[in-house]
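Novice:
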């Protein structure tokens with residue numbers, strides 16, 4: 098009798114619990130169907146912050162996060178992320194552990210993600226980065242090679258862009274891993290895998306130039322850096338390219354040309370540095386967030402430089418995803434459905450605005466720091482040039498005749514290379530494939 | 165005895181009081197350096213010479229990239 102009573106009680110409790118779960122799941126599904134994704138997300142995370150959600154709730158959560166992005170979980174603690182236990186939260190935890198230097202925990206999280214096809218590319222990218230930071234370059238190369246072969250197949254334009262960004266990042270990181278391992282020719286081959294249409298391609302030019310610099314092919318370095326003069330790349334900001342250009346001329350013993358580049362650098366970047374300092378010294382709330390939404394034609398007239406920096410920031414995948422989430426908030430608030438949690442969604446929107454503002458501000462600080470660190474290198478190079486010129490003077494060295502410059506004999510020609518003259522126009526298919534033909538004249542006397 | 169001592173004291177005071185010293189400086193003095201001689205041994209060479217100092221060789225730390233560690237992490241943060 099007692100046993101029967103206990104069994105009946107147990108049966109009633111499980112029935113009530115199932116009904117509750119079913120009701121909650123139905124409520125979430127209704128919100129998803131109505132397009133109130135943020136309300137559904139808030140309901141789930143409020144209920145399951147301290148306990149693991151059941152399988153059907155987790156599947157609904159995965160669907161929501163696919164549409165609105167993962168930024169919502171950025172402020173969750175590790176315990177809360179672990180409780181939720183969906184692939185997105187595993188990826189966030191893996192990245193956090195990577196940034197904190199807890200590489201073993203990062204690998205533990207990533208191994209759980211490898212089975213999920215949708216997250217495999219991102220998981221391999223993070224895994225490769227973990228191995229790179231641990232100094233296990235061969236394993237890093239292996240991971241990056243695998244993820245660079247995974248093509249995106251989403252029909253959604255924004256997700257497709259994100260998948261391509263991950264793939265191109267893998268290719269770039271493959272180049273960087275070879276570079277660190279001093280396998281410069283393999284690094285150059287890896288950088289060449291990034292297509293010219295990709296927003297990452299201009300960054301590969303600078304890194305490829307450094308690889309050629311280490312191979313002592315200074316003509317090729319100067320040719321690649323010439324690409325930055327093309328109108329297509331005028332919005333890109335690379336002060337380090339000027340330092341590398343000056344260094345290459347220095348290595349070829351073209352001291353006058355090297356000095357000229359240093360002087361041009363100071364003339365060009367000093368006003369830019371002042372402009373950025375002025376912007377960063379202001380303390381208006383959401384100043385950088387508002388800059389993104391300023392009328393571009395007005396901003397171009399005010400400052401072409403700021404406009405080009407913002408263009409560079411806007412090409413980032415994270416920025417596009419954040420703006421997409423922001424517009425998602427706006428549309429849910431605008432619908433003002435009685436089922437929506439408008440107050441909570443407004444707070445989430447403010448939080449995202451803060452995150453975007455902070456991200457743009459950090460980028461501006463990064464830009465100004467690049468100018469200052471390059472300026473320091475240019476100064477050191479200038480001292481070194483003065484020293485070399487004085488040495489030449491004391492040793493009564495004369496300058497070589499420059500008639501041999503531009504001669505094809507000065508080129509480092511590969512078996513399959515074809516050359517033709519540059520005729521003052523930057524054709525898209527030729528970008529990044531330029532080379533100069535200067536003769537190195539350091540050991541001989543110059544007139 | 166006392167009278168004798170007193171006599172001597174008064175006498176010496178009078179003598180001191182009488183001595184008047186007048187100090188007079190030369191209005192003009194001439195030195196002939198050419199005719200002056202210094203006695204001693206020459207230990208340094210007499211001719212003028214200039215020793216060339218060692219030239220400072222500047223070895224400034226010039227820019228040289230060996231890795232892109234920072235860029236790898238920054239790019240990951242820019243993806244998502």
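Residue numbers (this note's numbering), protein chains in the order written: chain P, 98 to 544; chain D, 165 to 244.
Beta carbons: idealized from backbone N, C-alpha and C, even for Gly.
In this text the structure is predicted, and so the values were computed from the model without any measurement.
Could you check which residue in P:351, P:417, P:524 has the C-alpha nearest to that of residue 486 of chain P?
Specialist: Translated into the one-based positions of the first chain, residue 486 of chain P becomes position 389. That would be P:351, whose Cα lies nearest to the Cα of residue 486 of chain P.
Novice: Between the beta-carbon of residue 229 of chain P and the beta-carbon of residue 180 of chain P, is there less than 8 angstroms?
Specialist: On the first chain, position 132 is the one that residue 229 of chain P refers to. On the first chain, position 83 is the one that residue 180 of chain P refers to. Result no, Cβ atoms of residue 229 of chain P and residue 180 of chain P do not sit closer than 8 angstroms.
Novice: In whole angstroms, give me the CA-to-CA distance for residue 185 of chain P and residue 425 of chain P.
Specialist: Taking the first residue of the first chain as position 1, residue 185 of chain P is located at position 88. Taking the first residue of the first chain as position 1, residue 425 of chain P is located at position 328. So the alpha carbons of these two residues sit roughly 19 angstroms apart.
Novice: Please confirm if residue 544 of chain P has its CB atom under 8 angstroms from at least one CB of chain D.
Specialist: By one-based count along the first chain, residue 544 of chain P stands at place 447. Residue placement at residue 544 of chain P cannot be trusted, given a pLDDT of 39 that sits under 50; the coordinates are not used to answer.
Novice: Measure how close the beta-carbons of residue 358 of chain P and residue 366 of chain P come, nearest whole angstrom, since I'm counting them as under 8 angstroms.
Specialist: Taking the first residue of the first chain as 1, we reach residue 358 of chain P at position 261. Taking the first residue of the first chain as 1, we reach residue 366 of chain P at position 269. With a Cβ gap of about 12 angstroms, residue 358 of chain P and residue 366 of chain P do not count as contacting.
Novice: Does DSSP put residue 354 of chain P in a helix, a strand or coil?
Specialist: The count along the first chain starts at 1 and reaches residue 354 of chain P at position 257. Here residue 354 of chain P sits in helix by DSSP.
Novice: Listing by chain order, which chain D residues have their CB less than 8 angstroms from the CB of residue 418 of chain P?
Specialist: Indexing the first chain from 1 puts residue 418 of chain P at position 321. Within chain D, the residues near residue 418 of chain P are 244.
Novice: Just to confirm my understanding: we take residue 261 of chain P, look at its own chain, exclude 5 residues before and 5 after, and list those with CB closer than 6 angstroms. What are they?
Specialist: Here the question's residue 261 of chain P lines up with position 164 in the first chain. Answer for residue 261 of chain P: 249, listed in chain order.
Novice: Give the residues of chain D in contact with residue 229 of chain P, contact being defined as C-beta atoms less than 7 angstroms apart.
Specialist: Stepping through the first chain from its first residue, residue 229 of chain P is reached at position 132. Simply 236.
Novice: Note down, in chain order, every chain D residue with its Cβ under 9 angstroms from the Cβ of residue 167 of chain P.
Specialist: Position 70 of the first chain, counted from the first residue, corresponds to residue 167 of chain P. Correct list: 244.
Novice: Consult DSSP for residue 438 of chain P and reduce its assignment to one of helix, strand or coil.
Specialist: Locating residue 438 of chain P in the first chain gives position 341, where the first residue counts as 1. Here residue 438 of chain P sits in coil by DSSP.
Novice: Would you tell me roughly how many angstroms separate the C-alpha atoms of residue 238 of chain D and residue 463 of chain P, rounded to the nearest one?
Specialist: As a working mapping, residue 238 of chain D is identified with position 74 in the second chain. As a working mapping, residue 463 of chain P is identified with position 366 in the first chain. Roughly 11 angstroms between the two C-alpha positions.
Novice: Nearest-angstrom Cα distance between residue 234 of chain D and residue 299 of chain P?
Specialist: Numbered from 1 along the second chain, position 70 holds the residue referred to as residue 234 of chain D. Numbered from 1 along the first chain, position 202 holds the residue referred to as residue 299 of chain P. The straight-line gap from Cα to Cα measures roughly 17 angstroms.
Novice: What span of residues does the alpha helix (DSSP H) with residue 398 of chain P cover, start to end?
Specialist: Taking the first chain and counting its residues from 1, one reaches residue 398 of chain P at position 301. From DSSP, the alpha helix (DSSP H) with residue 398 of chain P extends over 393-399.
Novice: Just to make sure I have the definition right: I need the residues of chain D whose C-beta is within less than 9 angstroms of the C-beta of residue 415 of chain P. Which are they?
Specialist: Position 318 of the first chain, counted from the start, is the residue given in the question as residue 415 of chain P. Under the 9 angstroms cutoff, chain D gives 241, 242, 243, 244.
Novice: Kindly confirm or deny that the region 279-289 of chain P and the region 303-314 of chain P touch, where touching means at least three C-beta pairs closer than 8 angstroms.
Specialist: These segments touch.
Novice: Take residue 301 of chain P as the anchor and find which of P:199, P:268, P:319 has the nearest alpha-carbon.
Specialist: For the purposes of this step, residue 301 of chain P is identified with residue 204 of the first chain, where counting begins at 1. Nearest of P:199, P:268, P:319 to residue 301 of chain P, Cα basis: P:268.
Novice: The alpha helix (DSSP H) that contains residue 211 of chain P, what's its start and end?
Specialist: Taking the first chain and counting its residues from 1, one reaches residue 211 of chain P at position 114. First-last for residue 211 of chain P: undefined, no H or E at that position.
Novice: May I ask you to report which of helix, strand or coil DSSP gives residue 459 of chain P?
Specialist: Within the first chain, numbered from 1, the residue matching residue 459 of chain P stands at position 362. Of the three classes helix, strand and coil, the one that applies to residue 459 of chain P here is helix, per DSSP.
Novice: Compute the distance between the beta-carbons of residue 343 of chain P and residue 478 of chain P, then report whether it is under 8 angstroms.
Specialist: Mapped onto the first chain, residue 343 of chain P falls at position 246. Mapped onto the first chain, residue 478 of chain P falls at position 381. Yes, the Cβ-Cβ distance between residue 343 of chain P and residue 478 of chain P is below 8 angstroms.
Novice: Report the neighbours of residue 263 of chain P on chain D: residues whose CB is nearer than 8 angstroms to its CB, in chain order.
Specialist: Counting from 1 along the first chain, the entry for residue 263 of chain P is found at position 166. Within chain D, the residues near residue 263 of chain P are 243.
Novice: How big is the Cα-Cα spacing for residue 542 of chain P and residue 339 of chain P?
Specialist: If you number the first chain from 1, residue 542 of chain P lands on position 445. If you number the first chain from 1, residue 339 of chain P lands on position 242. Caution applies to residue 542 of chain P, whose pLDDT of 45 falls short of 50 and renders its modelled position unreliable; the model cannot decide the point.
Novice: Pull up the CB-CB distance for residue 354 of chain P and residue 402 of chain P, whole angstroms please, since I reckon it's below 8 angstroms.
Specialist: Along the first chain, one-based indexing puts residue 354 of chain P at 257. Along the first chain, one-based indexing puts residue 402 of chain P at 305. Not confirmed; about 26 angstroms, so no contact.
Novice: Given this structure, state the Cα-to-Cα distance separating residue 288 of chain P from residue 241 of chain P, to the nearest angstrom.
Specialist: Position 191 of the first chain, counting from 1, holds the residue named residue 288 of chain P. Position 144 of the first chain, counting from 1, holds the residue named residue 241 of chain P. Whole-angstrom Cα-Cα distance: 12 angstroms.
Novice: Within a Cβ cutoff of 7 angstroms, which residues of the same chain sit near residue 286 of chain P, ignoring the five residues on either side of it in sequence?
Specialist: Translated into the one-based positions of the first chain, residue 286 of chain P becomes position 189. Correct list: empty, nothing qualifies.
Novice: Answer with buried or exposed for residue 235 of chain P, where buried requires no fewer than 16 other C-beta atoms within 10 angstroms of its C-beta.
Specialist: On the first chain, residue 235 of chain P is found 138 positions in, with the first residue counted as 1. Under this definition residue 235 of chain P is an exposed residue.
Novice: Check each candidate in P:535, P:517, P:534 and name the one with the smallest Cα separation from residue 527 of chain P.
Specialist: As a first step, residue 527 of chain P is located in the first chain; it is residue number 430 there, counting from the start. Comparing Cα positions, the closest option is P:517.
Novice: If you draw a straight line from the alpha carbon of residue 243 of chain P to that of residue 217 of chain P, how long is it in whole angstroms?
Specialist: Mapped onto the first chain, residue 243 of chain P falls at position 146. Mapped onto the first chain, residue 217 of chain P falls at position 120. Spanning the two alpha carbons is a distance of roughly 10 angstroms.
Novice: Are the C-beta atoms of residue 187 of chain P and some chain D residue less than 8 angstroms apart?
Specialist: Within the first chain, numbered from 1, the residue matching residue 187 of chain P stands at position 90. So, not an interface residue.
Novice: Leaving out five residues before and five after residue 418 of chain P in sequence, what residues of the same chain have Cβ atoms less than 8 angstroms from its Cβ?
Specialist: Mapped onto the first chain, residue 418 of chain P falls at position 321. Correct list, in chain order: 166, 168, 255, 259.
Novice: Which residue from P:275, P:125, P:215 puts its Cα closest to that of residue 264 of chain P?
Specialist: Indexing the first chain from 1 puts residue 264 of chain P at position 167. Of the listed residues, the one whose Cα sits closest to residue 264 of chain P is P:215.
Novice: Contact between the region 404-422 of chain P and the region 447-456 of chain P is defined here as three or more beta-carbon pairs at a separation below 8 angstroms; is this criterion met?
Specialist: The region 404-422 of chain P is in contact with the region 447-456 of chain P.
Novice: List the residues of chain D whose Cβ lies closer than 8 angstroms to the Cβ of residue 226 of chain P, in chain order.
Specialist: Here residue 226 of chain P is taken as the residue at index 129 of the first chain, counted from 1. By Cβ distance, chain D contributes 236, 237, 240.
Novice: Below 8 angstroms between beta carbons: does that hold for residue 386 of chain P and residue 457 of chain P?
Specialist: Translated into the one-based positions of the first chain, residue 386 of chain P becomes position 289. Translated into the one-based positions of the first chain, residue 457 of chain P becomes position 360. For residue 386 of chain P and residue 457 of chain P, yes; Cβs fall inside 8 angstroms.
Novice: What residue from P:431, P:334, P:446, P:438 has the CA that sits closest to residue 409 of chain P's CA?
Specialist: For this step, residue 409 of chain P is matched to residue 312 along the first chain. The option with the nearest alpha carbon to residue 409 of chain P is P:334.
Novice: Within 10 Å of its beta-carbon, does residue 201 of chain P have 16 or more other beta-carbons around it, so buried, or fewer, so exposed?
Specialist: For the purposes of this step, residue 201 of chain P is taken as the residue at position 104 of the first chain. When all chains shown are included, residue 201 of chain P counts as exposed.
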